[in-house]
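Asker:
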Amino acid sequence: MLVFHYLHQLKLCAKRQTTSSTIKKLHAQLIKTGIAQHEPFPNTLLDAYAKCGFLNNARQLFDEMPQRDLVSWASLLTTYNHSDLPRRTLFTFHSMFAVDGLRPDHFVFASLVKACAFLGDTRLGKQVHARFALSSFCDDNVVKSSLVDMYAKCGLPDDAYAVFCSICLKNSAAWTAMISAYARSGRKADAIGLFQQAPFRNLFSWTVLISGLVQSGNGIDAFRLFIKMQRENIDIIDPLVLSSIVGACANLAVLELGKQVHCLIIALGYESCLYISNVLVDMYAKCSDITAANEIFGRIKHRDVVSWTSMIVGAAQHGQAKEALALYDRMVEDGIKPNEVTFVGLLYACSHVGLVDRGRTIFKSMVEDYGFRPSLQHYTCFVDLLSRSGHLNEAENVVNSIPFELDEAIWAALLTACKDRGHTQMGIRIADHLLSLKIENPSTYVLLSNVYAGACMWENVSKVRKLMTTMEVKKKPGYSSVEFGKETQVFYAGETSHPLKDEIFNLLRELDAEMRRRGYVPDTSSVLHDMEQQEKERQLFWHSERLAVAFGLLKAVPRTII
DNA sequence: GTAGGGTTAG
């Protein structure tokens, strides 16, 4: 009887994810009674510690087990996955053979696949898949569902589909994993097709479809589906889909829509959920309502890294570098550890106001105090900071010290500074190097052309131009948009067909005159070189962003945010 | 003892 009582209590602990003291009391009683080492207690205890997230206790128990079987090993692997330690899952798997000579079963395979999915490691994932396929568990549908999910997360929807087709009894986990695979890789038609084909529609499948589309940059489609979901009266019993849809508003920078979704969130009672607050901060910041972002941020009770980082990045993007850095200090005081994204935001903030020393300190601290290996993005921000503020040699040294393959953006940052500061020799050296790479960004061509033209290297200028014309076919014209009320107005550069064209022109001319009175000199360095100065200025004058802002000023109620 | 959904950069 006593045995069943303890088993039941431990299983309750695992299910309800109680505190460690509850499990420890039960554990102590089991030791006292002398049955702690009897089957199945060791594994049940391990599972309880693991499910409640007490990694160290679980590990200690595992190490002290007199006998470890497949269940013990599988529980340990699950524990590591549960604690976001996929590398340890994979590492531990190897000692399974070495220490106890056990071969993986379907439970172990499921854990390994999950770890690969977490890492997004295709190579490892395929290795695990191959071993699974050769094992005697190769028909297990649960492992196959995990494989579908793994391929989905690695961005390989076709591989996912091949596994999906081989599942004989497809349950909801398999279907949603596959819908997610298509949605997150932007295969809209396939995702929606599969979604409609699925034998069920629930909040889960709607969420994977909508969030996948948001992740692949199809925010408008995601929104349409979200509206459809509400029309179908799906109960939003948890806020996951809402965080995705707020993210869509942020990506699309649609403030009015974002506010409406915010109202819905309040109505459904999810406003104080941390995920939601965080994404609302980001949404308001991206939609240029930094005051609203600040308000939401201020109301969050227990801020995590993402809350702080969203606010730091928001401030940085609005040119509020000092505020961003002050936020960082407060964050550290609060005992919150920054992550890689936080440092991108901080370096970005420094770079926009030329805080070189502070930037250097931050970069150093990121590596030395927090042990992060800088990513290409960190390097790009740092190089941008150094070169913008004239420390070109230091910037070049940093670039040369980067231990992996470089992209166009980092060279372009350095080259821009060479051009602006008249470092011709260094500029030519970098331009030659860039020319040997495959350039994708049209503005890099303009930059190259101008650098060569500045050095009177006309042959290279024409070479760049030729590359540009082949490129031009693919280039989409830039546009700007502005919201007023429920409508959005889109403008292209030099647009002359707008009904309010004259009003816009007059306002821009007025503003231009005022700006010049206050010392504005048009910076035409980004316009192609061989035009007359006047023509260059005209091109800047009709920039789509100016048209959009002018239109906003003309139409909006005074004091609204444009 | 195993499987599916959400946030910050780009």
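Heads up, the first sequence is in this note's numbering, so the first residue is -19 and it goes up one at a time. Heads up, the beta-carbon is just placed ideally off N, CA and C, and yes, glycines get one too.
1) Under the rule that 16 or more other beta-carbon atoms within 10 Å means buried, what is Arg83, buried or exposed?
2) Skipping 5 residues on each side, what residues in its chain have a beta carbon closer than 8 Å to that of Ile548?
3) Looking at the unbroken beta strand (DSSP E) that takes in Glu313, where does it start and where does it end?
4) Let me confirm a value: Met495 is counted as buried when at least 16 other C-beta atoms fall within 10 Å, else exposed. Which label applies?
5) I need the DSSP call for Gln297, collapsed to helix, strand or coil.
6) Give me the Cα-Cα distance between Glu388 and Leu427, rounded to the nearest whole angstrom.
7) Using C-beta distances below 7 Å, list every residue in its chain close to Asn440, excluding the 5 sequence neighbours before and after it, in chain order.
8) So what does Glu463 bridge to, in DSSP terms?
9) Is Gly197 helix, strand or coil by DSSP?
10) State yes or no: is the C-beta of Ser524 within less than 8 Å of the C-beta of Ser460?
11) Please classify Ile159 as buried or exposed, where buried requires at least 16 other C-beta atoms within 10 Å of its C-beta.
12) Determine the direct distance from the alpha carbon of Ala90 to that of Thr69, and round the result to whole angstroms.
13) Anyone know if the C-beta pair for Asn121 and Ile147 falls short of 8 Å?
14) Between Leu386 and Glu374, how many whole angstroms is the CB-CB distance? I'm expecting something under 8 Å.
15) Considering only C-alpha positions, which residue in the set Leu326, Asp349, Leu189 is nearest to Tyr359?
16) When we look at the beta-carbon of Lys544 and count the other beta-carbons within 10 Å, is it buried (16 or more) or exposed?
17) What residue range is occupied by the uninterrupted alpha helix (DSSP H) comprising Ser355?
18) Measuring straight from C-alpha to C-alpha, what distance separates Cys96 and Leu104?
19) If Phe277 sits next to Val261, beta carbons under 8 Å apart, how far is it from one beta carbon to the other, in whole angstroms?
20) Could you work out which residue in Asp492, Arg340, Ala132 is closest to Leu99 when comparing CA atoms only?
21) How far does the alpha helix (DSSP H) with Glu236 in it reach, from first residue to last?
22) Could you check which residue in Val221, Ile200, Ile256 has the C-alpha nearest to that of Val234?
23) Nearest CA to the CA of Ala301: which residue from Asp284, Ile280, Ser477, Cys330?
24) I need the DSSP call for Leu554, collapsed to helix, strand or coil.
25) Does the beta-carbon of Leu(-8) have 16 or more other beta-carbons within 10 angstroms, so that it is buried, or is it exposed?
26) Is the distance from the Cβ of Arg401 to the Cβ of Gly351 below 8 Å?
27) Taking the C-alpha atoms as reference points, what is the distance between Ile225 and Ser196?
28) For Arg628, count neighbouring Cβ atoms within 10 angstroms of its own Cβ and tell me buried if that reaches 16, exposed if not.
29) Here's a check: name, in chain order, each residue in its chain whose Cβ is nearer than 6 Å to the Cβ of Leu520, leaving out the five neighbours to either side.
30) Go through its chain and collect everything with a Cβ distance to Lys208's Cβ below 6 Å, but skip five positions before and after it.
31) Can you tell me where the alpha helix (DSSP H) holding Ala392 begins and where it ends?
32) Can you list, in chain order, the residues of its chain whose CB lies under 6 Å from that of Phe87, leaving out five sequence neighbours each side?
33) Out of curiosity, what's the CA-to-CA distance linking Gln176 and Ser185?
34) At which residues does the alpha helix (DSSP H) containing Ala557 begin and terminate?
35) From what residue to what residue does the alpha helix (DSSP H) around Ile159 run?
36) Alpha carbons only, please: which of Leu305, Trp155, Cys398, Met451 is nearest the one belonging to Lys418?
Answerer: In terms of the structure at hand:
1) One-based indexing of the first sequence puts residue 83 at position 103. Arg83 should be labelled exposed.
2) The structure shown does not extend to residue 548, since the chain is modelled only from -19 through 542, so no value can be given for it.
3) Counting from 1 along the first sequence, the entry for residue 313 is found at position 333. Taken as a continuous stretch (DSSP letters only), Glu313 belongs to no beta strand (DSSP E), being part of the alpha helix (DSSP H) at 301 to 313.
4) Walking along the first sequence from the start, residue 495 turns up at place 515. Looking at its Cβ environment, which holds fewer than 16 other Cβ atoms inside 10 Å, Met495 is exposed.
5) By 1-based counting over the first sequence, the position of residue 297 is 317. Three-state result, Gln297: helix.
6) Position 408 of the first sequence, counted from the first residue, corresponds to residue 388. Position 447 of the first sequence, counted from the first residue, corresponds to residue 427. Approximately 12 Å between the Cα atoms of the pair.
7) Your numbering for residue 440 matches position 460 in the first sequence. Hits under 7 Å: Tyr432.
8) The residue labelled residue 463 in the question sits at position 483 within the first sequence. Paired residues: Thr468.
9) Residue numbering aside, residue 197 sits at position 217 when the first sequence is read from its first letter. DSSP places Gly197 in coil when its eight states are reduced to three.
10) Here residue 524 refers to the residue found at position 544 when the first sequence is read from its first residue. Here residue 460 refers to the residue found at position 480 when the first sequence is read from its first residue. Yes.
11) As a working note, residue 159 is residue 179 in the first sequence. Looking at its Cβ environment, which holds 16 or more other Cβ atoms inside 10 Å, Ile159 is buried.
12) Numbered from its first residue, the first sequence carries residue 69 at position 89. Numbered from its first residue, the first sequence carries residue 90 at position 110. So the two alpha carbons sit approximately 11 Å from each other.
13) Along the first sequence, read from residue 1 onward, the residue named residue 121 stands at position 141. Along the first sequence, read from residue 1 onward, the residue named residue 147 stands at position 167. In this structure, Ile147 lies closer than 8 Å to Asn121 by Cβ.
14) Numbered from its first residue, the first sequence carries residue 386 at position 406. Numbered from its first residue, the first sequence carries residue 374 at position 394. Not confirmed; about 17 Å, so no contact.
15) The residue labelled residue 359 in the question sits at position 379 within the first sequence. Per the Cα distances, Leu326.
16) Nothing about residue 544 can be read from this structure; the chain reaches only from -19 to 542.
17) Taking the first residue of the first sequence as 1, we reach residue 355 at position 375. Per DSSP, Ser355 belongs to no alpha helix (DSSP H) and is neither H nor E.
18) For this step, residue 96 is matched to residue 116 along the first sequence. For this step, residue 104 is matched to residue 124 along the first sequence. Each residue's Cα considered, the two are about 6 Å apart.
19) Within the first sequence, numbered from 1, the residue matching residue 277 stands at position 297. Within the first sequence, numbered from 1, the residue matching residue 261 stands at position 281. About 5 Å; that satisfies the 8 Å criterion.
20) Numbered from 1 along the first sequence, position 119 holds the residue referred to as residue 99. Considering only alpha carbons, the answer is Ala132.
21) Working through the first sequence from its first residue, we reach residue 236 at position 256. DSSP places Glu236 in the uninterrupted alpha helix (DSSP H) bounded by 235 to 248.
22) Walking along the first sequence from the start, residue 234 turns up at place 254. That would be Ile200, whose Cα lies nearest to the Cα of Val234.
23) By one-based count along the first sequence, residue 301 stands at place 321. Of the candidates Asp284, Ile280, Ser477, Cys330, the one whose C-alpha sits nearest the C-alpha of Ala301 is Cys330.
24) There is no way to answer for residue 554, as the model of the chain reaches only from -19 to 542.
25) On the first sequence, residue -8 is found 12 positions in, with the first residue counted as 1. Label assigned to Leu(-8): exposed.
26) Mapped onto the first sequence, residue 401 falls at position 421. Mapped onto the first sequence, residue 351 falls at position 371. Arg401 places its beta carbon 8 Å or farther from that of Gly351.
27) Taking the first sequence and counting its residues from 1, the one referred to as residue 225 is at position 245. Taking the first sequence and counting its residues from 1, the one referred to as residue 196 is at position 216. So the two alpha carbons sit approximately 13 Å from each other.
28) Residue coverage of the chain in this structure runs from -19 to 542, which leaves residue 628 outside it and unanswerable.
29) As a working note, residue 520 is residue 540 in the first sequence. Pro502, listed in sequence order.
30) To locate residue 208, count along the first sequence from 1; it is residue 228. Excluding positions up to five away in sequence, the list is empty.
31) As a first step, residue 392 must be located in the first sequence, where it is residue number 412. From DSSP, the alpha helix (DSSP H) with Ala392 extends over 388 to 400.
32) In the first sequence, residue 87 corresponds to position 107, counting from 1. Closer than 6 Å at Cβ, skipping near neighbours: Ala54.
33) Counted from its first residue, the first sequence places residue 176 at position 196. Counted from its first residue, the first sequence places residue 185 at position 205. Their backbone Cα atoms lie some 10 Å apart in a straight line.
34) The displayed coordinates of the chain run from -19 to 542. Any statement about residue 557 would go beyond what the structure contains.
35) Within the first sequence, the letter at position 179 stands for residue 159. Run containing Ile159: 152 to 164, per the alpha helix (DSSP H) assignment.
36) Taking the first residue of the first sequence as 1, we reach residue 418 at position 438. Taking each of Leu305, Trp155, Cys398, Met451 in turn and checking the Cα distance to Lys418, the smallest one comes out for Met451.
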